[in-house]
Amino acid sequence: MTLLKRDPNAPSAWRDEMQVTSRYTFGIAGERFFRAIKDDQQILGSHCNNCERTYVPAAAFCERCMNQLDEWVDVGTVGEVVTFTHLYVNYDGSQREEPETVAFIKLGDGGLIHRLVSSGSHPVEIGMPAKAIFKPSSEREGSILDIVHFELITN
Ligand SMILES: [Zn+2]
C-alpha cells in the first residue's frame, strides 16, 4: 500500500528499520546534564542571572535573553508533580495489564517527563513531591532512562 492510497483514518506511523549514518550529540549543556545523571546521580540545571531562571534540563543559552549559561545548579532529585496521565495502552496498541503513570515533574524552572510510581496506595495528585530513582551506577549509560522512574513521596 502506498502512502497515497492508504486509509486516511489509519495511524500515520509504521515500524521498520532505518539506516542512520550520522551521529547525534547532546550538545554542550546536554552532555554535562546526562554525564551528571550517569556519574553523580545529579540532576543539573543551568541558571540565567539576567532572568533569574534555572533551566532543567540544562540549556546552553537562555531562551528569553539569549545569555550564554555557564552557572550550573544541582536542583536535587525531588521535584513536584505538575501534571500526569495514566496509560492504559502499550505503544503497539495492546492493552496494558496495569496502567502506567507518566508525569511532568517540576525541577528548577523546568522539569522532566518521566514514569511515576507510587509505592503506597495514595493516588497521584498535582503538587505532590516525587523523587528520582536511579539505576545502579554500573548500569547507567548517560540517558534519561538512567532514572528508572520518579516515586511519589506520600508521607
Ligand atoms: Zn535570561
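FYI, the numbering for the sequence shown is 5 to 159, going by our numbering.
In this text, a Cβ means the ideal position worked out from N, Cα and C, and glycines have one as well.
From a predicted model like this one, the values you see are computed outputs, not experimental measurements.
(message) If you reduce the DSSP assignment to three classes, tell me which class Ile47 lands in.
(response) coil
(message) Is Asn54 close to ligand 1? I mean its beta-carbon at under 7 Å from any heavy atom of the ligand.
(response) Flag set: Cβ of Asn54 near ligand 1.
(message) Less than 8 Å between C-beta atoms, sequence neighbours within five positions excluded: which residues of the same chain meet that for Glu163?
(response) An answer regarding residue 163 cannot be provided, because it is not within the stretch 5 to 159 covered by the chain.
(message) Can you look up Ile157 in the DSSP assignment and give me helix, strand or coil?
(response) coil
(request) Ignoring anything shorter than 3 residues or poking outside the stretch 65-115, list the beta strand (DSSP E) runs there in chain order. (result) 75-78, 82-93 and 99-111
(request) Identify which residue in Asp150, His126 and Gly112 has its Cα closest to the Cα of Ile137. (result) Asp150
(message) On the CB-based measure, 16 or more other CB atoms within 10 Å of its CB, does Cys69 come out buried or exposed?
(response) exposed
(request) Quick one: give me the first and last residue of the beta strand (DSSP E) that Arg27 is part of. (result) Per DSSP, Arg27 lies in no beta strand (DSSP E) and is assigned neither H nor E.
(message) Relative to the C-alpha of Glu143, which candidate in Thr81, Ala14 and Asp44 has its C-alpha closest?
(response) Asp44
(request) Assuming Leu156 contacts Leu120 (C-beta within less than 8 Å), just tell me the rounded distance between them. (result) 7 Å
(request) Just grab the DSSP bridge partners of Ala134 for me. (result) Gly83 and Leu156
(message) Quick check on the burial criterion: 16 or more other C-beta atoms within 10 angstroms. Buried or exposed for Thr29?
(response) exposed
(message) Taking its Cβ as the centre, do 16 or more other Cβ atoms sit within 10 Å of Arg27, making it buried, or is it exposed?
(response) Residue burial annotation: Arg27 is exposed, with fewer than 16 other C-beta atoms found within 10 angstroms of its C-beta.
(message) For His51 and Ala107, what's the separation of their Cα atoms in angstroms?
(response) Distance between the alpha carbons of His51 and Ala107: 24 Å.
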